[in-house]
Amino acid sequence: MEIIHTISALKAILKPFKQAVSKIALVPTMGALHNGHLSLIAIAKANAEVVVCSIFVNPTQFTDPKDLEKYPRPLAHDIKMLTEAGCDFVFMPTVTEMYPSFPTPENWLIDLGPAEFVLEGEFRKGHYQGVTQIVKKLFDAVSPDVAFFGQKDFQQVLMIKNMVRHFNLPIEIVSCPIIREDDGLAMSSRNIHLSHDDRMNALVLSKALKFVADNYKKLKLKDLLTEAKQMINDTNGVELDYFTIAHDDTLLPIEHEEKGSVVALVAAKVGETRLIDNMLLG
Ligand SMILES: Nc1ncnc2c1ncn2[C@@H]1O[C@H](COP(=O)(O)OP(=O)(O)OP(=O)(O)O)[C@@H](O)[C@H]1O
Ligand SMILES: CC(C)(CO)[C@@H](O)C(=O)[O-]
Ligand code: BAL
Numbered sequence: 001m002e003i004i005h006t007i008s009a010l011k012a013i014l015k016p017f018k019q020a021v022s023k024i025a026l027v028p029t030m031g032a033l034h035n036g037h038l039s040l041i042a043i044a045k046a047n048a049e050v051v052v053c054s055i056f057v058n059p060t061q062f063t064d065p066k067d068l069e070k071y072p073r074p075l076a077h078d079i080k081m082l083t084e085a086g087c088d089f090v091f092m093p094t095v096t097e098m099y100p101s102f103p104t105p106e107n108w109l110i111d112l113g114p115a116e117f118v119l120e121g122e123f124r125k126g127h128y129q130g131v132t133q134i135v136k137k138l139f140d141a142v143s144p145d146v147a148f149f150g151q152k153d154f155q156q157v158l159m160i161k162n163m164v165r166h167f168n169l170p171i172e173i174v175s176c177p178i179i180r181e182d183d184g185l186a187m188s189s190r191n192i193h194l195s196h197d198d199r200m201n202a203l204v205l206s207k208a209l210k211f212v213a214d215n216y217k218k219l220k221l222k223d224l225l226t227e228a229k230q231m232i233n234d235t236n237g238v239e240l241d242y243f244t245i246a247h248d249d250t251l252l253p254i255e256h257e258e259k260g261s262v263v264a265l266v267a268a269k270v271g272e273t274r275l276i277d278n279m280l281l282g
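Using the UniProt record's numbering, the first residue of the sequence shown is number 1, and each one after it goes up by one.
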C-alpha cells in the first residue's frame, strides 16, 4: 500500500490507472479505523479495481473545538489495518494541503436542500457545509468512479448525494450497512472515549432502535416513540438530543405508519461523548 500526502502526487500516481481500469473507488474517513471502516474497504474492493482510502480529520465540519482536539489519531494502527485489508492507496494530507489559506476560511456555501438543517444539521450547525466542502475536494483530488460511505451517518450520505447532484458529478455514491459490536453498539471512532459505564449505557441507543424496528408494524407510532424515548431517558448518563422516525429522503418525521422507506434515527450524549445511530424500518 502506498501512502500519499499531497494532491499533486496523488493525481500523478492515479493518472495511469484512469486509462487502465474501469473503476477507481474512494473511501473517505477521518481515521481511527475500526471494522466499520474495513467493511467499506472490503465492499470497495469487491466493486472496483483500485481502492483509495483517505484519512483526514476535517476541521471545517467540527462545530465543537474540544471534539476536534480530542478526535483520535492512531496513524500507525490505521496504516496497519489498511495494509492488511488490501487497500491500494492511502491519502493523508495536512490541513494546509486541503485548505491552503487555513485558518482563514474559504468560501463554501451550497444548497443541500432543507434536510441540511434538521437532526445533525440542527445540533451541529454548518456541519454538512464542512462535510460537503471536504468531500468535494477529495473527489477533485481522486476523481473516483464510485465512493463508499456508511449508513451509520445516514444524513451525511443524503447530503453527499445532494452535493453530487448539485455539481452534476459523474460519481456513484454507495451507502454501506452499519457494522455493530456483538451486543449491538454501532462501531464508531468516538466509542474509544466511552468509560466502562458509558459503554454499558450506550447500548440503550441500539436497543431503542431495535425495539422500534421490531414493533413498527405492531404499535401506534405515538406509543413507539414514547416508549423508545423513555428507554433512553431512563438510562443514567445518557442525554437524548433526538429520536425520530422519518422519511428516508426528506428526514421529516412521519405522521403515521407509512409503506414507503422509513428510518429511525437517534443522537445522544453518553457521558461526554455524543453518539448517533439509525435503523431502517418496514
Ligand atoms: N459502524 C459503521 N459501519 C459502517 N460504516 C461506518 C461505521 N462507522 C463509520 N462508518 C463510516 O465510515 C466512514 C468514515 O467515518 P468516520 O471516520 O467519521 O468514522 P466514525 O466511526 O463514523 O467516527 P465518528 O462517528 O466517531 O466520527 C463514514 O462513511 C462512516 O459512515
Ligand atoms: C466523510 C468524511 C470523511 C468527511 O470528512 C467524514 O464526515 C466521515 O468520516 O464520515
Ligand atoms: N462520521 C461523521 C463525521 C463527524 O462526526 O464529524
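Note that the Cβ used here is the ideal one computed from N, Cα and C, for glycine as well. Note that the structure is predicted; figures quoted are calculated from it, not measured.
Query	Result
So, under 8 Å CB-CB, G31 and D78 are touching, yes? Tell me the CB distance rounded to an integer number of Å.	5 Å
Answer yes or no: the CB of V157 versus the heavy atoms of ligand 2, is any distance below 6 Å?	no
What are the uninterrupted segments assigned as beta strand (DSSP E) that are 3 or more residues long and contained completely in the stretch 122-206, given in chain order?	146-150, 172-176
Using alpha carbons as the reference points, say which of K210, G184, A44, L68 lies closest to L26.	A44
Can you tell which of A268, K23, D277 has its C-alpha closest to the C-alpha of F123?	A268
Quick test of your reading: P59 and I192, contact by CB under 8 Å. State the CB separation rounded to the nearest angstrom.	That pair is no contact at about 20 Å.
Between the stretch 160-177 and the stretch 48-57, can you find at least three pairs of beta-carbon atoms closer than 8 Å?	no
Going by beta carbon distance, what residues of the same chain come within less than 6 Å of V157, once the five residues before and after it are set aside?	F149, S175
Do you know offhand how far I178's Cα is from H196's?	23 Å
Compare the C-alpha of D248 against each of G130, E2, L281 and name the closest.	L281
Quick check: what's the CA-CA separation for residue 286 versus L275?	Outside the displayed range of the chain (1 to 282) lies residue 286, so it cannot be described from this structure.
For Y128, which option in Y99, K222, F62, K137 has the closest C-alpha, if you only look at C-alpha atoms?	F62
Check whether the Cβ of V131 sits closer than 6 Å to any heavy atom of ligand 2, and report yes or no.	yes
Give the range of the alpha helix (DSSP H) segment to which V95 is assigned.	95-98
For D138, which option in N162, L75, T6 has the closest C-alpha, if you only look at C-alpha atoms?	One point to set straight first is that residue 138 is Leu, not Asp, in the sequence displayed. Cα-wise, what sits closest to L138 is T6.
Whole angstroms is fine: what's the gap from N47's alpha carbon to A85's?	15 Å
Please determine, among V270, I173, V263, K222, the residue with the shortest C-alpha to C-alpha distance to L194.	V270
Taking its Cβ as the centre, do 16 or more other Cβ atoms sit within 10 Å of S261, making it buried, or is it exposed?	exposed
Let's test the definition: count the other Cβ atoms within 10 Å of the Cβ of A20 and tell me whether it reaches 16, buried, or not, exposed.	exposed
Taking 6 Å as the cut-off, is the beta-carbon of Q61 closer than that to any non-hydrogen atom of ligand 3?	yes
Pairs of beta-carbons, one from the stretch 130-146 and one from the stretch 97-114, closer than 8 Å: are there three or more?	yes
In chain order, what residues of the same chain have a beta carbon less than 7 Å from the beta carbon of T29, not counting five sequence neighbours either side?	H37, C53, S54, I55
Quick one: what's got a C-beta closer than 8 Å to D88's C-beta in the same chain, skipping five residues either side?	M1, E2, V50, V51, V52
Kindly identify the DSSP beta-bridge partner or partners of E2.	F89
When you compare each of T250, T273, P103, F243 to M279 by their alpha carbons, which one comes out closest?	F243
So which of S206, F154, G126 has the shortest CA-CA distance to F117?	G126
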